[in-house]
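Trainee:
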Amino acid sequence: MLEFGARDPELAYRLRPAAFGICEKDGLIATVRVERNEGRSYHDLPGGAVDGLETEAQAVIREFGEETGLIVEPGQEVVRATQLFLKSDGEPVENEGGVYVVRLTGQDEALKVEDDHTLEWLEPEAAIVALRHESHAWAVARWLRSRR
Numbered sequence: 212m213l214e215f216g217a218r219d220p221e222l223a224y225r226l227r228p229a230a231f232g233i234c235e236k237d238g239l240i241a242t243v244r245v246e247r248n249e250g251r252s253y254h255d256l257p258g259g260a261v262d263g264l265e266t267e268a269q270a271v272i273r274e275f276g277e278e279t280g281l282i283v284e285p286g287q288e289v290v291r292a293t294q295l296f297l298k299s300d301g302e303p304v305e306n307e308g309g310v311y312v313v314r315l316t317g318q319d320e321a322l323k324v325e326d327d328h329t330l331e332w333l334e335p336e337a338a339i340v341a342l343r344h345e346s347h348a349w350a351v352a353r354w355l356r357s358r359r
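Note that the numbering used here numbers the sequence shown so that position 64 is 275, with each residue one more than the last.
#1: How would you label Pro285, buried or exposed, when you count the other beta carbons within 10 angstroms and need 16 or more for buried?
#2: With H, G and I counted as helix, E and B as strand and the rest as coil, what does DSSP make of Val245?
#3: Taking DSSP as the reference, what is the three-state secondary structure of Thr266?
#4: Quick check on Val261: does DSSP put it in helix, strand or coil?
#5: If you draw a straight line from the C-alpha of Asp237 to the C-alpha of Leu281, how long is it?
#6: For the region 308-349, which segments carrying the alpha helix (DSSP H) assignment without a break, of at least 4 residues, lie completely within its bounds, in sequence order?
#7: Can you give the Cα-Cα distance for Ala270 and Glu221, rounded to whole angstroms?
#8: Consult DSSP for Arg225 and reduce its assignment to one of helix, strand or coil.
#9: Grab me the residues of Arg314's own chain with a C-beta within less than 7 Å of its C-beta, minus the 5 sequence neighbours each way, in chain order.
#10: On the DSSP bridge assignment, give the partners of Arg291 in chain order.
#11: Per DSSP, which one or two residues make a beta bridge with Val304?
#12: Contact between the region 238-256 and the region 329-341 is defined here as three or more beta-carbon pairs at a separation below 8 Å; is this criterion met?
#13: Within 10 angstroms of the Cβ of Ala268, are there 16 or more other Cβ atoms? Answer buried if so, exposed if not.
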């Protein structure tokens, strides 16, 4: 499995099963701009932690709804990876899981509950530069290459 981020041996990373999706529409891909305190923001692929006994596919569907209001259907896995990072509160986390191609099947604004997440459609090349996590950028680049 590919590992992204620099592991600090002084930190104890919490393993966090996670799944994310690449959703393409009209040549653009869905990203979420996440707003944090003091005007800081960053871009992620929609997705996040796998809750309880749900599968990665179920997590991608749920997270897309909560973050964007989009209804998606997960398809092929693009890459499996771990991403080491510090959460906004400083907690060291190791996301581990897949990034999937997802198909947009609808939209339901009632699903969107994460007010600090805003859906932004970006050109894939711009997303590669904008995405916070190296694993997300790698997945988009790999997906993009597979389409050409």
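We put the beta carbon where it would ideally sit given N, CA and C, even for glycine.
Remember, predicted model here, so these are calculated numbers, not experimental data.
Mentor: If we stick to the structure as given:
#1: Residue 285 sits at position 74 when you count from the first residue of the sequence shown. Buried, because 16 or more other Cβ atoms sit within 10 Å of the Cβ of Pro285.
#2: Position 34 of the sequence shown, counted from the start, is the residue given in the question as residue 245. The answer is strand: DSSP assigns Val245 an E or B state.
#3: As a working note, residue 266 is residue 55 in the sequence shown. Thr266 falls in the coil class under three-state DSSP.
#4: The residue labelled residue 261 in the question sits at position 50 within the sequence shown. Here DSSP, grouped into helix, strand and coil, assigns Val261 to coil.
#5: Counted from its first residue, the sequence shown places residue 237 at position 26. Counted from its first residue, the sequence shown places residue 281 at position 70. When rounded, the distance between both Cα atoms is 15 Å.
#6: 335-341
#7: If you number the sequence shown from 1, residue 270 lands on position 59. If you number the sequence shown from 1, residue 221 lands on position 10. Taking the straight line from one Cα to the other gives about 31 Å.
#8: Reading the sequence shown from its first residue, position 14 is the one you call residue 225. In the structure shown, Arg225 sits in a strand (DSSP, three-state: E or B).
#9: Here residue 314 refers to the residue found at position 103 of the sequence shown. Counting only Cβ-Cβ distances below 7 Å, and skipping sequence neighbours, we find Val283, Glu284, Gly286.
#10: Position 80 of the sequence shown, counting from 1, holds the residue named residue 291. Beta-bridge pairing links Arg291 to Gly309.
#11: Reading the sequence shown from its first residue, position 93 is the one you call residue 304. Arg225, Phe296.
#12: Flag = yes, the region 238-256 and the region 329-341 touch.
#13: Your numbering for residue 268 matches position 57 in the sequence shown. Per the 10 Å Cβ criterion, buried.
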